[in-house]
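Enquirer:
In this note's numbering, the protein residues as written are 7 to 633.
This is the structure in structure tokens:
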């Protein structure tokens, strides 16, 4: 009797621990390349109001920002109107006002927790809800450098004519200039210009003053709502409310609670409603159009069940896309990976999570596009139907493999599109982009691409695959020739060579002003080594005796410019009165130089970076602390 009870108890413990064991086993079998980045290495666009544009680190043209767009190191972002919100992990947010331009200098990696942004012009809010170590977050402007010392809310206004102003609503930041460093505490403001401080930190009354303040207040209230994590791992608890809004949780053994989305079309498939974008760090990264898609397509696995449809199994490791790839000379195909690392197959109402062998073209999980449409902005529209795949003799020919997709963009056409007023955008035509084949070791250096994780047999052979060499198409003569010319341009359009010389902003004036040869190198101001953690305790510089519930802002006798955003070699705004000196303009809007580590020439090197984006945090013994 006692023995039976012990066996029953042991069986119950084993059953309860099985989901955790399978999860750990699945996550431990990731390819080694994925360890180069963390869950915070890629930011996420969480809200878009109006039009904003992004220029990828390895691209020449710009594309319009959408919700769930990944933000990576080396990207340049500029808003035309409205507002933009970027989450860069751990409930930390960067919010941009209209006509604001920033560069993403770095985001955390395995070997570094440093996060750095450069603000060229405009107005930004930085809301920090978690800071593991002081000075892990840096903000650089043409006038100063700022090092975040505590959690809090910070507003920075960068005006090409007047300089930079920081207002600390909550928290503490160190402002570093050419020679001095100041601590700016809660309810204090500080102004500087050309590396010099106009005054010492002074107090200000935090009351609402403009629309950007009110929008920040509203967004701060929304993101501060915390929901208890009932179904997700603790580090994904921020997505609990987002998923519960669009679906239900159902318990399915042995995975535990899984998430079932509501209101899906009958022909819906994972990794179909969205588009692919290339990021040097991660490779081919999926951009989902579903509002809940960030967590569901970058974490976990997708399965299908009768009477339930598609459901998502959570895991806690971020990936650019959990899919397996297939390709030939004319087509690209992919399918979501199951919990066990095999391509998912759904045929005639039967779900296979361990399928191996030739992949059936009539599987509900398969997505195939023509080779020239891999970067289409609407994959769901260009995806081929099973009858078409049969007509082109792909039946019994699709065999997925465990390799990364060994291609990357090799230039794209640039279309000049008119916006409102006298603005135009040099839009990248991603669908017409050429692809170039890269070596496997280059993929490991450049990024992991979409994640594939097919388990191997005891003999080390991958089940259901063919040799990678037989799947790699031979480069055509046209493609070989394209490696020397990074981009192509249609007749009558702006050529990439001209774009590299004259454009550093997505929106350009039609006035036709000539470009200048001003250097774009930006001064980085050192943080004072005298300001240490022990000198920044909360009780040493508590805020003045004042109570307010939201981070609002007030200022007087301060006017901001308005107008169009022009190219990087010209002034970023058209002002009613221009009083900035030539030297001031040269510091802020000079073109990039060849000495930079990020270039916009369309080079295919994934390690390039913009301007002086390789700025570091040098310490200066001459920097002195001002109290």
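Where a beta carbon is used, it is the ideal one built from N, C-alpha and C, also for glycine.
1. If you measure between the beta carbons of residue 87 and residue 57, is that distance less than 8 angstroms?
2. For residue 265, name the three-state secondary structure that DSSP assigns.
3. In the DSSP assignment, what residue or residues form a beta bridge with residue 103?
4. Using the C-alpha atoms, what's the distance from residue 146 back to residue 392?
5. Taking 8 angstroms as the cut-off, does the region 308–327 touch the region 260–277 (at least 3 CB pairs, one atom from each stretch)?
6. Taking only the alpha-carbon atoms, compute the straight-line gap between residue 353 and residue 361 and give it to the nearest angstrom.
7. What runs of the beta strand (DSSP E), each 3 residues or longer, lie entirely inside the region 59–128?
8. Beta-carbon within less than 6 angstroms of residue 461's beta-carbon, same chain only, minus the 5 sequence neighbours each way: which residues are those?
9. Under a CB-based cut-off of 8 angstroms, is residue 280 close to chain C?
10. Is DSSP giving residue 635 helix, strand or coil here?
11. How about residue 634 and residue 76: do their beta carbons lie closer than 8 angstroms?
12. Could you check how far apart the C-beta atoms of residue 3 and residue 164 are, in whole angstroms? I think they sit under 8 angstroms.
13. Would you mind working out which of 443, 186 and 290 sits nearest residue 334, comparing C-alpha positions?
14. Go ahead and label residue 356 buried or exposed: buried means 16 or more other beta carbons lie within 10 angstroms of its beta carbon, across all protein chains shown.
15. Tell me whether the beta-carbon of residue 203 lies closer than 8 angstroms to the beta-carbon of residue 183.
16. Could you have a look at residue 281 and say whether DSSP puts it in helix, strand or coil?
17. What residue does the beta strand (DSSP E) around residue 413 start on, and which one ends it?
18. Just how far apart, CA to CA, sit residue 229 and residue 97?
19. Work out the CA separation of residue 530 and residue 5 for me, nearest whole Å.
20. Taking the beta carbon of residue 136 as the centre, do at least 16 other beta carbons fall within 10 Å, making it buried, or is it exposed?
21. Going by DSSP in three states, residue 150 sits in which element: helix, strand or coil?
22. As a quick exercise: from 324, 380, 407 and 280, pick the residue whose alpha carbon is nearest that of residue 331.
23. Which residues bound the beta strand (DSSP E) around residue 176?
24. With DSSP as the reference, identify every bridge partner of residue 165, one or two as the case may be.
25. Between the Cα of residue 326 and those of 59, 74 and 253, spot the shortest distance and give me the residue it belongs to.
26. Taking just the CA atoms, how far does residue 416 sit from residue 67?
27. Among 235, 328 and 122, which one has its Cα closest to the Cα of residue 411?
28. Note down the Cα distance separating residue 167 from residue 255, rounded to an integer number of angstroms.
29. Go ahead and pull the three-state DSSP assignment for residue 179.
30. Measuring CA to CA, which of 64, 47 and 119 is closest to residue 92?
31. Are residue 657 and residue 119 closer than 8 angstroms when you measure CB to CB?
32. My output table needs one value for residue 186: the three-state DSSP class, helix, strand or coil.
33. Do residue 382 and residue 388 come within 8 angstroms of each other at the CB atom, strictly closer than that value?
34. Just the Cα atoms here: how many angstroms apart are residue 284 and residue 62?
35. Rank 303, 403, 175 and 81 by C-alpha distance to the C-alpha of residue 287 and give the top, closest one.
36. With burial defined as no fewer than 16 other Cβ atoms inside 10 Å of the residue's Cβ, what is the status of residue 139: buried or exposed?
Expert: Result, derived from the coordinates:
1. Residue numbering aside, residue 87 sits at position 81 when the chain shown is read from its first letter. Residue numbering aside, residue 57 sits at position 51 when the chain shown is read from its first letter. Yes, they are a contact pair.
2. What you label residue 265 is simply residue 259 of the chain shown in a count that begins at 1. DSSP places residue 265 in strand when its eight states are reduced to three.
3. Here residue 103 corresponds to residue number 97 of the chain shown, with the count starting at 1. Residue 103 pairs with nothing; no bridge assigned.
4. For the purposes of this step, residue 392 is taken as the residue at position 386 of the chain shown. For the purposes of this step, residue 146 is taken as the residue at position 140 of the chain shown. It is roughly 52 angstroms from the alpha-carbon of residue 392 to the alpha-carbon of residue 146.
5. As far as the Cβ criterion goes, the region 260–277 touches the region 308–327, which means the pair count is three or higher.
6. Translated into the one-based positions of the chain shown, residue 353 becomes position 347. Translated into the one-based positions of the chain shown, residue 361 becomes position 355. Rounded to whole angstroms, residue 353 to residue 361 spans 11 angstroms at the Cα level.
7. DSSP runs (the beta strand (DSSP E)) wholly in the region 59–128: 82–85, 89–93, 99–102 and 107–112.
8. One-based indexing of the chain shown puts residue 461 at position 455. Summary for residue 461: the model assigns pLDDT 35, below 50, so the residue's position carries little reliability, and this model does not support an answer.
9. Of the protein chains in the structure, only one exists, and it is not chain C.
10. Given a span of 7 to 633 for the chain in the structure shown, any question on residue 635 remains unanswerable.
11. Nothing about residue 634 can be reported from this structure: the residues present for the chain run from 7 to 633 only.
12. The structure shown does not extend to residue 3, since the chain is modelled only from 7 to 633, so the question has no answer here.
13. As a position in the chain shown, residue 334 is number 328, starting the count at 1. The candidate whose alpha carbon is nearest that of residue 334 is 443.
14. Within the chain shown, the letter at position 350 stands for residue 356. Here residue 356 is exposed. Its C-beta has fewer than 16 other C-beta atoms within 10 Å.
15. By 1-based counting over the chain shown, the position of residue 203 is 197. By 1-based counting over the chain shown, the position of residue 183 is 177. A contact, by the Cβ cut-off of 8 angstroms.
16. Translated into the one-based positions of the chain shown, residue 281 becomes position 275. DSSP places residue 281 in the strand class (E or B) of the three-state scheme.
17. Within the chain shown, residue 413 is the residue found at index 407, counting from 1. Where residue 413 is concerned, the enclosing beta strand (DSSP E) stretches over 413–415.
18. Locating residue 229 in the chain shown gives position 223, where the first residue counts as 1. Locating residue 97 in the chain shown gives position 91, where the first residue counts as 1. Roughly 8 angstroms separates the two Cα atoms.
19. As displayed, the chain neither begins before 7 nor continues past 633, which places residue 5 out of reach and without an answer.
20. Mapped onto the chain shown, residue 136 falls at position 130. Its Cβ having fewer than 16 others within 10 Å, residue 136 is exposed.
21. Along the chain shown, read from residue 1 onward, the residue named residue 150 stands at position 144. In the three-state reduction of the DSSP assignment, residue 150 falls in the coil class.
22. In the chain shown, counting from the first residue as 1, residue 331 sits at position 325. Sorting 324, 380, 407 and 280 by C-alpha distance to the C-alpha of residue 331 places 407 at the top.
23. For the purposes of this step, residue 176 is taken as the residue at position 170 of the chain shown. For residue 176, the uninterrupted beta strand (DSSP E) segment begins and ends at 169–176.
24. Mapped onto the chain shown, residue 165 falls at position 159. Residue pairing for residue 165: DSSP places it in a beta bridge opposite 169.
25. Here residue 326 refers to the residue found at position 320 when the chain shown is read from its first residue. The candidate whose alpha carbon is nearest that of residue 326 is 74.
26. To locate residue 67, count along the chain shown from 1; it is residue 61. To locate residue 416, count along the chain shown from 1; it is residue 410. Each residue's alpha carbon lies about 12 angstroms from the other.
27. On the chain shown, residue 411 is found 405 positions in, with the first residue counted as 1. Ranked by Cα distance from residue 411, the first of 235, 328 and 122 is 328.
28. Taking the first residue of the chain shown as 1, we reach residue 167 at position 161. Taking the first residue of the chain shown as 1, we reach residue 255 at position 249. The C-alpha of residue 167 lies about 54 angstroms from the C-alpha of residue 255.
29. Start at 1 with the first residue of the chain shown, and residue 179 comes out as number 173. In this structure, residue 179 counts as strand in the three-state DSSP scheme.
30. By one-based count along the chain shown, residue 92 stands at place 86. Nearest of 64, 47 and 119 to residue 92, Cα basis: 47.
31. There is simply no residue 657 to check, as the chain begins at 7 and stops at 633 in what is shown.
32. For the purposes of this step, residue 186 is taken as residue 180 along the chain shown, with counting starting at 1. Here residue 186 sits in strand by DSSP.
33. By one-based count along the chain shown, residue 388 stands at place 382. By one-based count along the chain shown, residue 382 stands at place 376. Taking a C-beta distance under 8 angstroms as the contact criterion, residue 388 and residue 382 qualify as a contact pair.
34. Here residue 284 refers to the residue found at position 278 when the chain shown is read from its first residue. Here residue 62 refers to the residue found at position 56 when the chain shown is read from its first residue. Taking the straight line joining both Cα atoms gives about 8 angstroms.
35. As a first step, residue 287 must be located in the chain shown, where it is residue number 281. Ranking 303, 403, 175 and 81 by Cα distance to residue 287 puts 81 first.
36. Translated into positions along the chain shown, residue 139 becomes position 133. Around the beta carbon of residue 139, a 10 Å sphere encloses fewer than 16 other beta carbons of the protein chains shown; the residue is thus reported as exposed.
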